[in-house]
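All residue numbers in the sequence shown are consecutive under this note's numbering, ending with 848.
For glycine and all other residues, C-beta sits at the position ideal for the given N, C-alpha and C.
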Amino acid sequence: MTPRAPALSPAQRRLSILEAASVVAMAGPAGFTARAVAEAAGVAEGTIFRYFPSMDALLDAVICHVLDPAPTCAALRELQSPTLEQRVADMLSLQRGAMERVGRVFALAVADRPQAPRQHSHEQHHERLVRLQEAMAEALAPFEHELRFPLQTVVAQIHAAAFTASHPMFDMHVPDTVLVDILLHGLKDRA
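Written out as structure tokens, the structure is:
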């Protein structure tokens, strides 16, 4: 028997269910059930449906949750890496992790739903990207004097490298250290 969940406000309970559902969603379509989400959240199955009218509505909320750049932005702002190389590596790692989570949730969203997942507008996507790139620029600002190119250009290239390296269609499996070397030193042999 699942232990009783601690008393939370309705907003906190909704968020705890959403976070548990996000974790369950990472496991893939077969495991995304009301029972699995309830067990992960420490609530009864019926509690889920007090906050989300259906599993599709919960999945749409999970998609919005994993698309939210706030956790990645906060983590970027907390970076303490002492060198440009380490800062770029840390930024790539954070971005790749976030993008891989988004990819797994989207794979779930299209795996067994007859209708497409709720569409997110171009404006919403642009707003998320702007927030993320602002946080990236803040994280790189202490090293701006070491960069050959404008900060926004470098940020765009780091973001593009993280996206490409984490996208399942490209299947690159390139370690962050190699990406950092390419981004900071180029492709030409220095010998």
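contact_flag[the segment 835-842, the segment 742-760] where n(CB pairs < 8 Å) is 3 or more
yes
Are Gln790 and His824 close, meaning C-beta to C-beta below 8 Å?
Walking along the sequence shown from the start, residue 790 turns up at place 133. Walking along the sequence shown from the start, residue 824 turns up at place 167. It is not a contact, given that the beta carbons lie outside the stated cut-off.
Please report how far the alpha carbon of Leu733 lies from the alpha carbon of Gln814, in whole angstroms.
Position 76 of the sequence shown, counting from 1, holds the residue named residue 733. Position 157 of the sequence shown, counting from 1, holds the residue named residue 814. In a straight line, the C-alpha of Leu733 is about 16 Å away from that of Gln814.
When you compare the CB positions of Ala796 and Leu841, do they come within less than 8 Å of one another, or not?
Here residue 796 refers to the residue found at position 139 when the sequence shown is read from its first residue. Here residue 841 refers to the residue found at position 184 when the sequence shown is read from its first residue. In this structure, Leu841 does not lie closer than 8 Å to Ala796 by Cβ.
Starting from Gly688, trace the alpha helix (DSSP H) in both directions and tell me its first and last residue.
In the sequence shown, residue 688 corresponds to position 31, counting from 1. Element bounds for Gly688: n/a, residue is neither H nor E.
Burial state of Pro832 (16 or more Cβ within 10 Å)
Along the sequence shown, one-based indexing puts residue 832 at 175. It is exposed - the Cβ of Pro832 has fewer than 16 other Cβ atoms within 10 Å.
Is Lys845 near the ligand ADP, judged by its Cβ being under 7 Å from some heavy atom?
Ligands in the displayed structure: none, and consequently the ligand ADP is not present.
Which residue comes first and which comes last in the alpha helix (DSSP H) that contains Phe865?
Residue 865 lies beyond the residue range present for the chain, which begins at 658 and ends at 848; the question has no answer from this structure.
Straight-line CA distance for Val759 to Val787?
As a first step, residue 759 is located in the sequence shown; it is residue number 102 there, counting from the start. As a first step, residue 787 is located in the sequence shown; it is residue number 130 there, counting from the start. Roughly 17 Å between the two C-alpha positions.
List the endpoints of the continuous alpha helix (DSSP H) containing Met793.
Translated into the one-based positions of the sequence shown, residue 793 becomes position 136. Its alpha helix (DSSP H) spans residues 779-797.
Apart from the five residues on each side of it in sequence, which residues of its chain come closer than 6 Å, Cβ to Cβ, to Ala698?
Residue numbering aside, residue 698 sits at position 41 when the sequence shown is read from its first letter. Here the set comprises Ser673, Ile674, Ala677.
Which residues mark the beginning and the end of the alpha helix (DSSP H) in which Met826 is found?
As a position in the sequence shown, residue 826 is number 169, starting the count at 1. It is not in any alpha helix (DSSP H) - Met826 carries neither H nor E in the DSSP assignment.
Using three-state DSSP, classify Gln669 as helix, strand or coil.
Here the question's residue 669 lines up with position 12 in the sequence shown. Helix.
Whole-angstrom distance between Ser711 and Lys845, CA atom to CA atom
Stepping through the sequence shown from its first residue, residue 845 is reached at position 188. Stepping through the sequence shown from its first residue, residue 711 is reached at position 54. Using only the alpha carbons, I get a separation of about 54 Å.
When we look at the beta-carbon of Arg847 and count the other beta-carbons within 10 Å, is it buried (16 or more) or exposed?
Along the sequence shown, read from residue 1 onward, the residue named residue 847 stands at position 190. Classification for Arg847: exposed.
Return helix, strand or coil for Leu675, following the three-state DSSP convention.
One-based indexing of the sequence shown puts residue 675 at position 18. It is helical.
With 16 as the cutoff for other CB atoms within 10 Å, does Leu850 come out buried or exposed?
Residue 850 cannot be examined here, being either before or after the span of the chain that is shown, 658 to 848.
Quick check on Asp725: buried or exposed, where buried means 16 or more other Cβ atoms within 10 Å of its Cβ?
Along the sequence shown, read from residue 1 onward, the residue named residue 725 stands at position 68. That one is exposed.
For chain E, find out if any of its Cβ atoms is closer than 8 Å to the Cβ of Pro686; answer yes or no.
Among the chains in the structure shown there is no chain E, since it carries only a single protein chain.
Where the alpha helix (DSSP H) through Met712 begins and ends
Taking the first residue of the sequence shown as 1, we reach residue 712 at position 55. Note, Met712: alpha helix (DSSP H), 712-724.
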